[in-house]
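Note that numbering that gives the first Met the number 0 has the sequence shown beginning at 0, numbered continuously upward.
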Amino acid sequence: MIDITPNESTGILLNNYTGHLGYISQQNPYVIPTTYFYDKEDHSIISYSATGHKIDAMRKNPAVSLLVVEIKSTKNWQSVLVHGTFKELQGSEAKLKLHKFTEGVKSVIAKNEHRKTEFISEFSGKLYSRGIPVVYLIKISELTGKRKET
């Protein structure tokens, strides 16, 4: 296993839109799948969720992580681990970032999966039925990547 460069790590973040979000709730770690977009300009992760366990936990303890993995086989994979801080967005900033998230994920899907998507519900949970979504950033404080090739 070898370390990969920061540029390679951000490349992996840019080329994917799903990962595993890690957070702490009542002193217990949780890791759940999530849809995200890497905002290269801000060096941050954009995502959203309905209010619930995850959002409540991140409001109380904003230290979070995101793991993104590309696996071709057990002997050929690469991963990026992001450590950062949860930041809840409000108002026009939340709308702007949600739009950037939507357009960014649609672009990654078009490039990697060769399919066109029109609506956020085609690639992310249908949260609008559960109220207004919470849009948030993960402000990246540390980024590490690993690769295994044989």
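Beta carbons are placed, not taken as given, at the ideal position from N, Cα and C, and that holds for glycine. As the structure is a computational prediction, the values presented were derived from the model and not from experiment.
For the beta strand (DSSP E) holding residue i, just list the boundary residues, first then last.
| i | result |
| --- | --- |
| Arg-146 | 133 to 148 |
Quick check on the burial criterion: 16 or more other C-beta atoms within 10 angstroms. Buried or exposed for residue i?
| i | result |
| --- | --- |
| Ser-2 | Residue identity check: residue 2 is Asp in the sequence provided, not Ser. Answer is exposed; the Cβ neighbour count stays below 16. |
| Pro-132 | buried |
| Thr-143 | exposed |
Which one of the options has the shortest CA to CA distance from residue i?
| i | options | result |
| --- | --- | --- |
| Lys-59 | Ser-24, Lys-145 and Ala-109 | Ser-24 |
| Ser-43 | Gly-90, Gly-103 and Ile-54 | Gly-103 |
| Leu-12 | Asn-111, Gly-130 and Val-134 | Asn-111 |
| Lys-94 | Tyr-47, Lys-147, Glu-40 and Met-0 | Tyr-47 |
Using the Cα positions of residue i and residue j, report the straight-line distance between them to the nearest angstrom.
| i | j | result |
| --- | --- | --- |
| Thr-149 | Ser-8 | 19 angstroms |
| Ala-49 | Lys-115 | 25 angstroms |
| Asn-27 | Asp-55 | 14 angstroms |
| Ser-72 | Arg-146 | 12 angstroms |
| Glu-87 | Asn-14 | 24 angstroms |
What is the residue span of the alpha helix (DSSP H) that residue i lies within?
| i | result |
| --- | --- |
| Glu-102 | 90 to 112 |
| Pro-5 | 5 to 13 |
Thinking residue i and residue j are a contact (beta carbons under 8 angstroms), I'd like their distance in whole angstroms, please.
| i | j | result |
| --- | --- | --- |
| Thr-33 | Gly-18 | 6 angstroms |
| Lys-53 | Tyr-22 | 6 angstroms |
| Val-67 | Val-79 | 5 angstroms |
| Gly-83 | Lys-138 | 5 angstroms |
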